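Number of protein chains: 2
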Amino acid sequence: MNKFLININGELFNEENAKISVFDRGFLYGDSVYEATRTFNRKAFRIDHHLDRLFSSAQKIELIPSYSKSEILENINQTIKASAHENILLRIILTRGTNSDLGLDPQLASVNNLIIISKAIAPNPDWWLKDGVSMVFYQKTTNTRGSLPKTGNYQENILAYKNAATKGAYDAIMINTDGHITESTTSNIWIIKDGILLTPPLADGVLNGLTRKTLIELAHREKISFKEQSLTKADFFSASECFITSTTRNLVPVTKVEGNPIGTGLPGQKTIELLKMYLEFVAKT
Amino acid sequence: MNKFLININGELFNEENAKISVFDRGFLYGDSVYEATRTFNRKAFRIDHHLDRLFSSAQKIELIPSYSKSEILENINQTIKASAHENILLRIILTRGTNSDLGLDPQLASVNNLIIISKAIAPNPDWWLKDGVSMVFYQKTTNTRGSLPKTGNYQENILAYKNAATKGAYDAIMINTDGHITESTTSNIWIIKDGILLTPPLADGVLNGLTRKTLIELAHREKISFKEQSLTKADFFSASECFITSTTRNLVPVTKVEGNPIGTGLPGQKTIELLKMYLEFVAKT
Chain A
3 MNKFLINING ELFNEENAKI SVFDRGFLYG DSVYEATRTF NRKAFRIDHH LDRLFSSAQK
63 IELIPSYSKS EILENINQTI KASAHENILL RIILTRGTNS DLGLDPQLAS VNNLIIISKA
123 IAPNPDWWLK DGVSMVFYQK TTNTRGSLPK TGNYQENILA YKNAATKGAY DAIMINTDGH
183 ITESTTSNIW IIKDGILLTP PLADGVLNGL TRKTLIELAH REKISFKEQS LTKADFFSAS
243 ECFITSTTRN LVPVTKVEGN PIGTGLPGQK TIELLKMYLE FVAKT
Chain B
3 MNKFLINING ELFNEENAKI SVFDRGFLYG DSVYEATRTF NRKAFRIDHH LDRLFSSAQK
63 IELIPSYSKS EILENINQTI KASAHENILL RIILTRGTNS DLGLDPQLAS VNNLIIISKA
123 IAPNPDWWLK DGVSMVFYQK TTNTRGSLPK TGNYQENILA YKNAATKGAY DAIMINTDGH
183 ITESTTSNIW IIKDGILLTP PLADGVLNGL TRKTLIELAH REKISFKEQS LTKADFFSAS
243 ECFITSTTRN LVPVTKVEGN PIGTGLPGQK TIELLKMYLE FVAKT
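From first to last, the protein sequence lines are chains A and B. Using the numbering used here, you'd call the opening residue of the first sequence number 3 and step up by one each time. Using the numbering used here, you'd call the opening residue of the second sequence number 3 and step up by one each time.
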């Protein structure tokens, strides 16, 4: 049973045959936007939010979609239906299209390419919840502010990840040029400090994560003390708990930063409660 | 006669069949480096410099090439030999490879993909030399410093180009967050002011262009008054001449910036002399 099933402009391919023109602008220039979502009960989770964000990312890079949201949704549902797997990750990539010539001019491509990569989801490893993961900081060289678009330009995040892996850490916590914590390379980051749940505001140059958004909604609903607040390294070292959120991995406890234990050095009690609350919520969708 | 001929890992394809896996990291994350060179007399121009810079770009993004320089050169020469055209542009793309799974981890790809796109070069349009081209400024949001790697992350340059095209300009002159002029979207930029030839230093966040490098060598040889110097918008408005350099386009006179004429508003005399000197040099290679 294939782990992957790929939909390219409405046609289904297995891993070996899923190919795109070398003139595709995503390949040539990273000129694409994307979303990553997953299914629960064979249904794409909060897909309307993902499609809204995909179109918002497209707008930020002045990409005018040649696919409508309902056409993209149709291709997503076609992929879910054809997949042999109960739970899949869906990476939805919209590129500015195939160039008729080399060159940056967006007018060289008139029709987008829509690529949906579906992948069987493995459950999170047990040790994530038992021991938590470790992180190191990474100083970004860009001073991009505001809610970031999700694009095919991931060079800096790759360097951040690679640097963390070299140091034996699970992932990196990125810092913007103002010295503010932003996010991890493919997830949002949170701490609990003085009993308050904290995460950096989008304005600091953060991806508007949908698990982040869902958790904020749940915190409000459950009257959990919560604030969006600019955070520094020092806040992490004085935090009692820390975790990351991602669509595919839900909540993952972070128990060590730069080799120093966060709180007790074990997954925090509030983190586990938030994870439980989150999983109960998604189970009902 | 096909305009394009594409070499993918040593195999030749025409435009329609030149495809790459959607798991290629260049496609997924812009995780690639590249070079653009051209042939003169069916020989790749200063190819040793280009291969050196390709490997230097790779080093900057911590990409360890699985191809040696001589293997890449072999594929380049194979492409030139197979091409039906006398003068071709060569875009040499080295991606970190095809991922075995989704994810930023560079270890998910063990072998690079080498793609060489060759294209018949059309001569520069006559009006470039007769009238010159117009430019507008573009404020970058990144404060990257030093000599830039040439990677598959070109989103910001695309936005800069698009903004210029919307305003009816030929291209954009980019400004870093320190307020210093860096380069155009795919070329280096120069002015002549008080009789001195000036171009921004690499330290301001500039690509180490090989036509730029060649012209600096020629300026030294010919004892032309030249300085690498940080430049601002104001320098452009008080310049007597302006031009850009690019491997495929050589020197192109810039006669208007933000709607204001540079000098007389016609291609400058020194620019034409430098172009003549440059063409004489490359004709002998």
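Yeah, the Cβ is synthetic: ideal placement off N, Cα and C, and Gly gets one too. Every value quoted in this text rests on a predicted model; they were computed, and no experiment measured them.
If we count Cβ pairs, one from each stretch, closer than 8 Å, do we get three or more for the segment 168-188 of chain A versus the segment 111-124 of chain A? no
Segment limits, beta strand (DSSP E) that includes A/F15: Position 13 of the first sequence, counted from the start, is the residue given in the question as residue 15 of chain A. Residues E13 to F15.
Roughly how many angstroms separate the alpha carbons of B/T39 and B/T250, rounded to a whole number? Reading the second sequence from its first residue, position 37 is the one you call residue 39 of chain B. Reading the second sequence from its first residue, position 248 is the one you call residue 250 of chain B. Rounded to the nearest angstrom, the two C-alpha atoms are 7 Å apart.
Sub-7 Å separation of B/L200 and B/K229 beta-carbons: For the purposes of this step, residue 200 of chain B is identified with residue 198 of the second sequence, where counting begins at 1. For the purposes of this step, residue 229 of chain B is identified with residue 227 of the second sequence, where counting begins at 1. It is a contact, given that the beta carbons lie within the stated cut-off.
Note down the Cα distance separating A/K121 from B/D26, rounded to an integer number of angstroms. By 1-based counting over the first sequence, the position of residue 121 of chain A is 119. By 1-based counting over the second sequence, the position of residue 26 of chain B is 24. When rounded, the distance between both Cα atoms is 16 Å.
At least one CB of chain B closer than 7 Å to the CB of A/V58: is that the case? Within the first sequence, numbered from 1, the residue matching residue 58 of chain A stands at position 56. This sequence places Ser at residue 58 of chain A; Val is not what is there. False, the Cβ-Cβ gap to chain B never drops below 7 Å.
Give the straight-line distance between the Cα atoms of A/L104 and B/V135, rounded to the nearest whole angstrom. Within the first sequence, numbered from 1, the residue matching residue 104 of chain A stands at position 102. Within the second sequence, numbered from 1, the residue matching residue 135 of chain B stands at position 133. Taking the straight line from one Cα to the other gives about 20 Å.
For A/I194, the three-state DSSP class (helix, strand or coil): Taking the first sequence and counting its residues from 1, the one referred to as residue 194 of chain A is at position 192. Residue state, collapsed to three classes: strand.
Would you kindly check if the distance between the Cβ of A/G148 and the Cβ of A/A60 is under 7 Å? Here the question's residue 60 of chain A lines up with position 58 in the first sequence. Here the question's residue 148 of chain A lines up with position 146 in the first sequence. Their beta carbons are not under 7 Å apart, which means A/A60 does not touch A/G148 by this criterion.
Please look up how many angstroms separate the CB atoms of B/T97 and B/G28, rounded, as I've assumed it's under 8 Å. Working through the second sequence from its first residue, we reach residue 97 of chain B at position 95. Working through the second sequence from its first residue, we reach residue 28 of chain B at position 26. B/T97 to B/G28, Cβ: 3 Å. Contact.
What residue does the beta strand (DSSP E) around A/F228 start on, and which one ends it? Locating residue 228 of chain A in the first sequence gives position 226, counting from the first residue. From DSSP, the beta strand (DSSP E) with A/F228 extends over F228 to E230.
Verify the CB distance criterion: does B/K83 have a CB-CB separation below 7 Å to chain A? Counted from its first residue, the second sequence places residue 83 of chain B at position 81. B/K83 does not count as touching chain A.
Distance, Cα to Cα, A/A285 vs A/P255? Reading the first sequence from its first residue, position 283 is the one you call residue 285 of chain A. Reading the first sequence from its first residue, position 253 is the one you call residue 255 of chain A. Taking the straight line joining both Cα atoms gives about 20 Å.
What runs of the beta strand (DSSP E), each 3 residues or longer, lie entirely inside the segment 153-233 of chain A? Unbroken beta strand (DSSP E) runs of no fewer than 3 residues, entirely contained in the segment 153-233 of chain A, are found at 173-177, 183-186, 190-195, 198-201 and 228-230, following chain order.
Quick one: what's got a C-beta closer than 6 Å to A/L110's C-beta in the same chain, skipping five residues either side? In the first sequence, counting from the first residue as 1, residue 110 of chain A sits at position 108. Hits under 6 Å: N101, S102 and D103.
From this set, B/D196, B/V208 and B/M279, which residue's C-alpha is nearest B/C244's C-alpha? Mapped onto the second sequence, residue 244 of chain B falls at position 242. When each option's Cα is compared against that of B/C244, the closest is B/D196.
Taking 7 Å as the cut-off, decide whether the C-beta atoms of A/N77 and A/N159 are in contact. Position 75 of the first sequence, counted from the start, is the residue given in the question as residue 77 of chain A. Position 157 of the first sequence, counted from the start, is the residue given in the question as residue 159 of chain A. No, the pair does not count as a contact, with Cβ atoms beyond the cut-off.
Quick one: grab the DSSP three-state call for B/R55. What you label residue 55 of chain B is simply residue 53 of the second sequence in a count that begins at 1. Looking at B/R55 - three-state DSSP - the assignment turns out to be helix.
In terms of DSSP beta bridges, what is A/P255 paired with? Stepping through the first sequence from its first residue, residue 255 of chain A is reached at position 253. A/F245.
Beta-carbon of B/Q271 versus every beta-carbon of chain A: anything under 7 Å? Here residue 271 of chain B refers to the residue found at position 269 when the second sequence is read from its first residue. False, the Cβ-Cβ gap to chain A never drops below 7 Å.
Near B/W130, what residues of its chain come up, given a Cβ to Cβ distance below 6 Å and the 5 sequence neighbours on each side ignored? For the purposes of this step, residue 130 of chain B is taken as residue 128 along the second sequence, with counting starting at 1. Cβ within range, chain order: V254.
At least 3 beta-carbon pairs within less than 8 Å: the segment 66-75 of chain B vs the segment 56-76 of chain A: no
Measure the Cβ-Cβ separation of B/V138 and B/A166 and say whether it is below 7 Å. The residue given as residue 138 of chain B occupies position 136 in the second sequence. The residue given as residue 166 of chain B occupies position 164 in the second sequence. In contact: B/V138 and B/A166 (Cβ atoms closer than 7 Å).
Between which two residues does the alpha helix (DSSP H) holding A/K278 run? Position 276 of the first sequence holds residue 278 of chain A. Taken as a continuous stretch (DSSP letters only), the alpha helix (DSSP H) holding A/K278 covers Q271 to A285.
Straight-line Cα distance separating A/G99 from B/S248: What you label residue 248 of chain B is simply residue 246 of the second sequence in a count that begins at 1. What you label residue 99 of chain A is simply residue 97 of the first sequence in a count that begins at 1. For B/S248 and A/G99, the distance between alpha carbons rounds to 25 Å.
Consult DSSP for A/I78 and reduce its assignment to one of helix, strand or coil. Numbered from its first residue, the first sequence carries residue 78 of chain A at position 76. In the three-state DSSP reduction, A/I78 falls in the helix class (H, G or I).
What residues in the segment 119-135 of chain B bring their beta carbon closer than 9 Å to a beta carbon of chain A? I119 and K121
Tell me the DSSP secondary structure of A/K5 in three-state form. Against the first sequence, residue 5 of chain A aligns to sequence position 3. Correct three-state label for A/K5: coil.
Cβ separation of A/G32 and A/G207, assumed to be a contact under 8 Å, to the nearest whole Å: One-based indexing of the first sequence puts residue 32 of chain A at position 30. One-based indexing of the first sequence puts residue 207 of chain A at position 205. The beta-carbon distance between A/G32 and A/G207, rounded to whole angstroms, is 18 Å. This is too long to meet the 8 Å contact definition.
What is the rounded straight-line gap between the Cα of B/P269 and the Cα of B/I194? Taking the second sequence and counting its residues from 1, the one referred to as residue 269 of chain B is at position 267. Taking the second sequence and counting its residues from 1, the one referred to as residue 194 of chain B is at position 192. About 12 Å.
If contact is defined by three or more beta carbon pairs under 8 Å, each pair taking one atom from either stretch, is the segment 50-59 of chain B in contact with the segment 172-187 of chain A? No, because fewer than three Cβ pairs between the segment 172-187 of chain A and the segment 50-59 of chain B fall closer than 8 Å, the two stretches do not touch.
Taking beta-carbon pairs under 9 Å, can you tell me which members of the segment 22-39 of chain B lie near chain A? Result list: I22, S23, V24, F25, D26, R27, G28, F29, L30, Y31, G32, D33, S34, Y36 and A38.
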